[in-house]
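Q: The structure under discussion is supplied below as structure tokens; questions concerning it will follow.
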Amino acid sequence: MDFGFGPEEERFREEVRGFLAETLPADGKRDMAFLQEWNRKVREKRWVGFSWPEEVGGGGGSIAQQVILKEEMARAKAPPLGSCFMGLAWVGPAIIEYGTEEQKQRFIPDILDGTYQWCTGYSEPDAGSDLATLKCKGVLEGDEYVVNGQKIWTSIAMWSKWMILLVRTDFEVENKHDGITCLLVEMESPGITVRPIKNMSGGAMFAEVFFDDVRVPVGNRLGAEGEGWKVTVSALAHERSGIAEVTGLQRRLEGIRELARECARGGRPASEDPAIRQRIARADARIEAMRLNGMRFLTRQLRGEKLGSETSINKLHRAQLEVELGELALEIQGSRGPLAAGSDLVPAAGDWQRFALSWPEVVIGGGTPNIQKNIIAERILGLPKD
Ligand SMILES: Cc1cc2nc3c(=O)[nH]c(=O)nc-3n(C[C@H](O)[C@H](O)[C@H](O)COP(=O)(O)OP(=O)(O)OC[C@H]3O[C@@H](n4cnc5c(N)ncnc54)[C@H](O)[C@@H]3O)c2cc1C
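Take the sequence shown: its position 185, counting from 1, is numbered 186 in my numbering, and each next residue is one higher.
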């Protein structure tokens, strides 16, 4: 079995490494001026939206090149490619696949340039894991949809100019996945109220969003009426081999090894404690298993096969590993572990404390472990639903 990349891909890897070595500051400082310059340079290289077709301003990169780019970026701890996170992750791909020519011209350049942020209005108080039960209502009146209802857990709603929103336009359908429509909504529209929600680390990253007779032009509908589910699912289905996330986890584990050498346990470095060593070794083996699984998915994508439910395996692995690494990092610090990230007593300026509290993003966002297990059981192992 050969898991290596071909000579052309390796040349691309060298190009990426050379660029990162030249561009990233040696002292690790990432001030505003650097980030602005970084965004300009990576945009110039067409690495923002690297997998998108060239005709919409993307890089036209192959799947293997995308993996290499993400791997090298994670290895070098580079800042993200582009600043419009949700726009690049799923709104842009959805617009490219289902948008009208006018929508592509209107939104794609701003997503690539990071002119403003997008947020995602999917979850509702009674529709999370079972998203298709959503009730936020859109009624077509003339050439506008009138939207009423509520969304919740909407990340960065407070700083977003646009939202990709799922509404129910038909309440009579037999199949709950039908009758859902996707709208692109300007957050400054009259009738939208955003109420931030505080999370357990004290910050407010997400919000409740209320819609009272919000009018959305029919020209802002993405895809056909009633086909919002299809739009949403397919947008999330591009590059999902999970290999880039593996590099991030490997870096985290490297950091934990360093931490274990620095922190004392019973008068000796924690790295000499057999219990800690065993947990590090176990995490290492699981990350390697995740990498090999990712390689399997990548091979299938390179053969032109579409990935389906299998990606739930890596999503589940990653969620479990993030929690495990966070707990391990705090445990290694002993009594300093539970201190607040801002305390002078914590190592690495509280980076590990912040990491340990950030697990809900990876674990709950995009589908909880239970849901991933259901998918693996039913669609991969063929087990019965009940
Ligand atoms: C940090 C963060 C950011 C988020 N950002 C966004 C965002 O930007 N936009 C957005 O729309 N949403 C966002 N979400 C919401 C997220 O998608 C939902 O929280 C998630 O889908 C779970 O839904 P829920 O919270 O309603 O929980 P529920 O669906 O009510 O689940 C509660 C518990 O029951 C379990 N459960 C539910 N159904 C089953 C089942 N069939 N079998 C077994 N167990 C089950 C779940 O695993 C979970 O443990 C975010 C969430 C978090 C934590």
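Beta carbons: idealized from backbone N, C-alpha and C, even for Gly.
Can you tell me the Cα-Cα spacing of G19 and E125, whole angstroms?
A: Locating residue 19 in the sequence shown gives position 18, counting from the first residue. Locating residue 125 in the sequence shown gives position 124, counting from the first residue. Cα to Cα, G19 sits roughly 45 Å from E125.
Q: May I ask you to check if the CB of D387 is nearer than 7 Å to at least one heavy atom of ligand 1?
A: For the purposes of this step, residue 387 is taken as the residue at position 386 of the sequence shown. Not under cutoff, so the answer is no.
Q: Report the option in I165, I257, R107 whose CA atom is closest to the CA atom of T233.
A: As a working mapping, residue 233 is identified with position 232 in the sequence shown. The option with the nearest alpha carbon to T233 is I165.
Q: Take A77 and list the residues in its own chain whose beta-carbon comes closer than 7 Å to its own, dropping the five residues that flank it on each side.
A: Against the sequence shown, residue 77 aligns to sequence position 76. Only L21, L25 meet the Cβ criterion.
Q: Near I376, what residues of its chain come up, given a Cβ to Cβ distance below 7 Å and the 5 sequence neighbours on each side ignored?
A: Locating residue 376 in the sequence shown gives position 375, counting from the first residue. S310, S313.
Q: Can you have a look at E1 and say buried or exposed, based on whether 16 or more other CB atoms are within 10 angstroms of its CB?
A: The requested residue 1 does not occur in the structure, where the chain is confined to residues 2 to 387.
Q: With hydrogens ignored, establish whether the beta-carbon of W154 is closer than 7 Å to any heavy atom of ligand 1.
A: Numbered from its first residue, the sequence shown carries residue 154 at position 153. Within the cutoff, so yes.
Q: Return the chain-ordered list of same chain residues with a C-beta closer than 7 Å to the C-beta of L346, the five sequence neighbours on each side being excluded.
A: One-based indexing of the sequence shown puts residue 346 at position 345. R337, L340.
Q: Which whole-angstrom value describes the C-beta separation of W360 and E332, a residue pair presumed to lie in contact below a C-beta threshold of 8 Å?
A: Here residue 360 refers to the residue found at position 359 when the sequence shown is read from its first residue. Here residue 332 refers to the residue found at position 331 when the sequence shown is read from its first residue. The pair is not a contact, with the Cβ atoms about 15 Å apart (cut-off 8 Å).
Q: Please name the residue, chosen from G50, F86, A349, that lies closest to G256 on a Cα-to-Cα basis.
A: Here residue 256 refers to the residue found at position 255 of the sequence shown. Checking every option, the nearest Cα to that of G256 belongs to A349.
Q: So, helix, strand or coil for T194, using DSSP?
A: Counting from 1 along the sequence shown, the entry for residue 194 is found at position 193. If DSSP states are grouped into helix, strand and coil, T194 belongs with the strands.
Q: Less than 7 Å between C-beta atoms, sequence neighbours within five positions excluded: which residues of the same chain meet that for G58?
A: The residue labelled residue 58 in the question sits at position 57 within the sequence shown. Excluding positions up to five away in sequence, the list reads G50, I109, P110, L113.
Q: Which residue from V364, K177, C183, R297 puts its Cα closest to that of L326?
A: Translated into positions along the sequence shown, residue 326 becomes position 325. Nearest of V364, K177, C183, R297 to L326, Cα basis: V364.
Q: Just how far apart, CA to CA, sit L141 and V219?
A: What you label residue 141 is simply residue 140 of the sequence shown in a count that begins at 1. What you label residue 219 is simply residue 218 of the sequence shown in a count that begins at 1. Going by the C-alpha atoms only, they are around 8 Å apart.
Q: With DSSP as the reference, label S156 as helix, strand or coil.
A: On the sequence shown, residue 156 is found 155 positions in, with the first residue counted as 1. Strand.
Q: Do G139 and V168 count as a contact pair if the criterion is CB distance below 8 Å?
A: Working through the sequence shown from its first residue, we reach residue 168 at position 167. Working through the sequence shown from its first residue, we reach residue 139 at position 138. Yes, they are a contact pair.
Q: Put F207 into one of helix, strand or coil per three-state DSSP.
A: Counted from its first residue, the sequence shown places residue 207 at position 206. Three-state result, F207: strand.
Q: Would C120 and S84 be called neighbours here (beta carbons separated by less than 8 Å)?
A: As a working mapping, residue 120 is identified with position 119 in the sequence shown. As a working mapping, residue 84 is identified with position 83 in the sequence shown. Cβ atoms of C120 and S84: not closer than 8 Å.
Q: Would you say the beta carbon of C183 is closer than 7 Å to some non-hydrogen atom of ligand 1?
A: Locating residue 183 in the sequence shown gives position 182, counting from the first residue. It does not: the Cβ of C183 is nowhere closer than 7 Å to a heavy atom of ligand 1.
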